[in-house]
């Protein structure tokens, strides 16, 4: 039986794997934003609980900031990977 050859990933391949994981985080971040928005609408509108609505609104702003920063980081990392692949 022949041994399987282990193929070593290049730095660009490893970086692309990280980008895939970051994009998965971005997907969940967007889902969190949608859930927080729904909670905020219910607490602020239907339940009329302004203190809780304010806390949820703060969380929503923080999640939005994270989502935007993650989006920027992914784009920057993709450009870096493009450069690595061109050098290879």
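Residue numbers (the numbering used here): 71 to 158. Ideal Cβ positions, reconstructed from N, Cα and C, are used throughout, including at glycine.
Less than 9 Å between the beta carbons of residue i and residue j, yes or no?
i	j	result
residue 88	residue 134	no
residue 80	residue 154	yes
residue 111	residue 144	no
Go through its chain and collect everything with a Cβ distance to residue i's Cβ below 7 Å, but skip five positions before and after it.
i	result
residue 84	none
So, for residue i: in the same chain, excluding its five sequence neighbours on each side, which residues have a beta-carbon less than 8 Å away from its beta-carbon?
i	result
residue 99	133, 136, 137 and 140
residue 150	85
Drop a sphere of 10 angstroms on the beta-carbon of residue i, count the other beta-carbons inside from all chains shown, and report buried for 16 or more, exposed for fewer.
i	result
residue 106	buried
residue 113	buried
Who are the Cβ neighbours of residue i in its own chain at under 6 Å, not counting the five residues just before and after it?
i	result
residue 125	none
residue 147	89
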